[in-house]
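S.K.: Residue numbers (my numbering), protein chains in the order written: chain A, 3 to 113; chain B, 3 to 113.
Protein chains: 2
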Amino acid sequence: MNKLCDHKCGVSRFLTLLNGPWATLIVRELLAGPRRFTELRDALTGISPHTLTSRLRQFEENGIVTRTAYAEIPPRVEYALTPVGEGLREVLEAMSAWALSIPDPVPDAVS
Amino acid sequence: MNKLCDHKCGVSRFLTLLNGPWATLIVRELLAGPRRFTELRDALTGISPHTLTSRLRQFEENGIVTRTAYAEIPPRVEYALTPVGEGLREVLEAMSAWALSIPDPVPDAVS
DNA sequence: CAGAATCCTGTGTGATACTG
DNA sequence: CAGTATCACACAGGATTCTG
């Protein structure tokens, strides 16, 4: 499934651009400001460099983030949100507001 | 990956509850009002009954939708959003607003 | 009509190891 | 530091068939 529903539905487009569990979380980190590869990897506990690279590349292609490499020693690369990517702030805030408003978050075996 | 990031991050919780490409689209249909199984299947072009059932079940468990079966002939079942599920409207609207605001939506081979 | 059962696939992701 | 390369896996999803 690559098109979900073809209609000009904005929700579909969003889902296509921010696919996978990590995508949105990476944006969430970047919303706090530009980040280096290692900073992202450390902030996103459990993500593998493979996945991080993959998602970052996709974001670049879609104009959501920019990659800036500095020719220094040691090398430094910074990822930052584009204006388009910044626009995701409201979406993430809506997600968070909703999730945090749920009465029964996660029914753990609290005993 | 089952916990994404464990922190009380609302975004993570949202992603856990609305995982998979279809989940959000089902909610989108339900936001227009209660729907029957077949109505959902028809509206969501390409979805398989297997997937639809699976997602609907998960939503039930998470208190996002309610399932109401009417003992009629032929059988009728209606799915509706709970108040919690209704709260997703703002999130979906934010997604749509963002996606629709992107200058270069999908670079097709228009030529 | 509204699924259930069974089998299979795509792909986002993980683990580990290696490099400019 | 910032990746790349490879192999492997879990799981959302698809296809098909069948039933209360």
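Where a beta carbon is used, it is the ideal one built from N, C-alpha and C, also for glycine. Keep in mind it's a predicted model, so treat the numbers as computed, not measured.
#1: So with CB distances below 9 Å, who are the chain B contacts of A34 (chain A)?
#2: Here's a check: name, in chain order, each residue in its chain whose Cβ is nearer than 7 Å to the Cβ of V86 (chain A), leaving out the five neighbours to either side.
#3: Can you tell me whether E74 (chain B) is helix, strand or coil according to DSSP?
#4: So that I know if they touch, is there some Cβ in chain B lying closer than 9 Å to that of E92 (chain A)?
#5: What do you get for V93 (chain A), buried or exposed, if any count of 16 or more other CB atoms within 10 angstroms of its CB means buried?
#6: Under 9 Å, Cβ to Cβ, is there at least one residue of chain B near S14 (chain A)?
#7: Checking contacts by CB at 9 Å: is E62 (chain B) closer than that to chain A?
#8: Hey, does A111 (chain A) have any beta-carbon neighbour from chain B nearer than 9 Å?
#9: Do we get a CB-CB distance below 9 Å when we pair P76 (chain A) with the residues of chain B?
#10: Taking Cβ positions only, does A101 (chain B) come closer than 9 Å to chain A?
#11: Three Cβ pairs or more, each shorter than 8 Å: is that satisfied between the stretch 15–25 of chain B and the stretch 34–42 of chain B?
#12: S103 (chain A) to E95 (chain B), Cα distance in whole Å?
#13: My assumption, with CB atoms under 8 Å, is that S98 (chain A) sits in contact with G12 (chain B). Please give the rounded CB distance.
#14: State buried or exposed for A101 (chain A), treating a residue as buried only when at least 16 other CB atoms are found within 10 Å of its CB.
#15: Residues in its own chain within less than 7 Å of I49 (chain A) by CB, not counting five upstream and five downstream?
#16: In the stretch 24–57 of chain A, which residues sit with their C-beta less than 8 Å from some C-beta in chain B, listed in chain order?
#17: Going straight from the alpha carbon of L19 (chain A) to that of F61 (chain A), what length do you get?
#18: Rounded to whole angstroms, what is the Cα-Cα separation between R30 (chain B) and P51 (chain A)?
M.R.: Quick look at the numbers:
#1: None at all; the shortest Cβ gap to chain B is about 12 Å.
#2: G65, I66
#3: coil
#4: yes
#5: buried
#6: yes
#7: no
#8: The pLDDT assigned to A111 (chain A) is 42, lower than 50, so where the model puts this residue is not dependable, and the model offers no usable value.
#9: no
#10: yes
#11: no
#12: 17 Å
#13: 3 Å
#14: buried
#15: W24, R43
#16: W24, T26, L27, R30, L46, T47, G48
#17: 8 Å
#18: 33 Å
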